[in-house]
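Chemist: The structure's right below; bear with me while I get my questions together.
Numbering (the numbering used here), first residue to last: 87 to 411.
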C-alpha cells in the first residue's frame, strides 16, 4: 500500500488520497486470505481471495484515474510474479492466478477501451507466464536443496565405508530406546562386536581387504538382525547391535547367529580367501542408569570373549538374573 501511495502521489497528486482509500478498502477485503493461514482453509481458496480483491482494486482504480491501468500494470505484474515465489508448483501457481486473470478478461472487456484492454491482457499473460517460470525454477531449486540436505543428513547418520550407522546416530537412537525401555519397563539388549585379529588382516592382505571384511560383517549383521534391530560402527573394527524389546536369551541367540554366519563368510578372491571371525559381548538393560552404562557392560562381556579365545559370544554376568532373562 505504501508503494502504491507513492506511485499515486507522483502520477496523480490531485486524486492520490481517494485512490489510496479505494485501494485500501478493496485490499482489506482480501486480508482474511492471509489470516486464514492458521486455519484449515485450502491455500487455493486463500490465494484466490487475495488475488481477486487485489485485481479488483487495480481495475477499479484504473477506471477512476486518467491512464490508471497503464500506471497500475507494473504493480500488477509484480504482484503476479510474487505468486511464483510463494507457490513452487507450476500447476498450483496457475490455479491461484487463473481466477484473477479471468476477472481481468471479463471486467476489463466491460470497462476499458479495446486497445487498452488488449494491452492489459497481453501484459497479464506475460506476467502469468513469467510467474510460472519462476515457480518452476523456484521449485527446482527447492528440490535440489532438499536432495542436498538429505545427502548431508545421510552422510552424518551413516558410515561411508561400511553403511552402518555412525557412532553419533547409533548413540542418539540407543539413548532414546534406553530411555523408553526404562520408562515403560520394557526389555532392551545390545551386543558389542569386534573383528578378531583385524590388524593381522590389514598387515597380511592390505587395508583394502580389511575394508572388505568390515563391509562383510555389516552385511552379515543386516542379514541376521530382525526388522527393528540396528547396527552402528563405534570404532575402527568395533560395532554395536541394538535389540529393542529383546531379553537375554533372544539377544544371545541373535548375536550367536551373527557370529556363526560371519565365521562361514569368505571374502577376497577364490585363490586367497580371507577367513575372519568376530567376538561378541551381549548385555541387557537391567538396573543400568544410561545407555553408556549398558554399553560398558557389553564391552566387559566382549573383553571376556576375547580373553576366552575369541570367535565366541559371551553374555554379561548380570543378565543371568530372572528379571533380565
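Ideal Cβ placement from N, Cα and C applies to all residues, glycine included.
Pick from 188, 128, 195, 275: whose alpha carbon is nearest that of residue 138?
Modeler: Residue 138 has its Cα closest to that of 188, out of 188, 128, 195, 275.
Chemist: Quick test of your reading: residue 274 and residue 370, contact by CB under 8 Å. State the CB separation rounded to the nearest angstrom.
Modeler: Contact flag correct, Cβ pair sits at about 7 Å.
Chemist: Which same chain residues, not among the five before or five after residue 263, have their C-beta less than 7 Å away from its C-beta?
Modeler: Contacts found: 274, 328, 330.
Chemist: Could you give the C-beta distance for residue 170 and residue 212, rounded to a whole number, given that I count them as a contact under 8 Å?
Modeler: Contact flag wrong, Cβ pair sits at about 13 Å.
Chemist: Give me the Cα-Cα distance between residue 257 and residue 172, rounded to the nearest whole angstrom.
Modeler: Each residue's alpha carbon lies about 39 Å from the other.
Chemist: Taking the beta strand (DSSP E) that residue 277 falls in, what are its first and last residues?
Modeler: Per DSSP, residue 277 belongs to the beta strand (DSSP E) from 274-281.
Chemist: Would you mind reading off the limits of the alpha helix (DSSP H) that contains residue 367?
Modeler: Element bounds for residue 367: not the alpha helix (DSSP H) but the beta strand (DSSP E), 364-370.
Chemist: Between residue 343 and the rest of its own chain, which residues show a CB-CB distance below 7 Å, the 5 nearest in sequence each way excluded?
Modeler: Closer than 7 Å at the Cβ level, and outside the excluded window around residue 343, lie 310.
Chemist: Give the DSSP-derived three-state secondary structure of residue 332 in the structure shown.
Modeler: If DSSP states are grouped into helix, strand and coil, residue 332 belongs with coil.
Chemist: Would you mind stating whether residue 360 and residue 294 have Cβ atoms separated by less than 8 Å?
Modeler: No, the pair does not count as a contact, with Cβ atoms beyond the cut-off.
Chemist: CB residue 277 to CB residue 182, shorter than 8 Å?
Modeler: Taking 8 Å as the Cβ cut-off, residue 277 and residue 182 do not qualify as a contacting pair.
Chemist: Can you give the Cα-Cα distance for residue 315 and residue 217, rounded to whole angstroms?
Modeler: Spanning the two alpha carbons is a distance of roughly 48 Å.
Chemist: Helix or strand or just coil, what does DSSP make of residue 209?
Modeler: Helix, per DSSP.
Chemist: Need the endpoints of the beta strand (DSSP E) that residue 296 sits in, please.
Modeler: Premise fails: residue 296 lies in the alpha helix (DSSP H), 293-310, not in any beta strand (DSSP E).
Chemist: According to DSSP, is residue 174 part of a helix, a strand, or is it coil?
Modeler: Correct three-state label for residue 174: coil.
Chemist: Measuring straight from C-alpha to C-alpha, what distance separates residue 242 and residue 253?
Modeler: Their backbone Cα atoms lie some 10 Å apart in a straight line.
Chemist: Please report how far the alpha carbon of residue 351 lies from the alpha carbon of residue 261, in whole angstroms.
Modeler: Approximately 32 Å between the Cα atoms of the pair.
Chemist: With a Cβ-Cβ cutoff of 8 Å, do residue 362 and residue 304 count as a contact?
Modeler: The answer is no: Cβ separation not under 8 Å.
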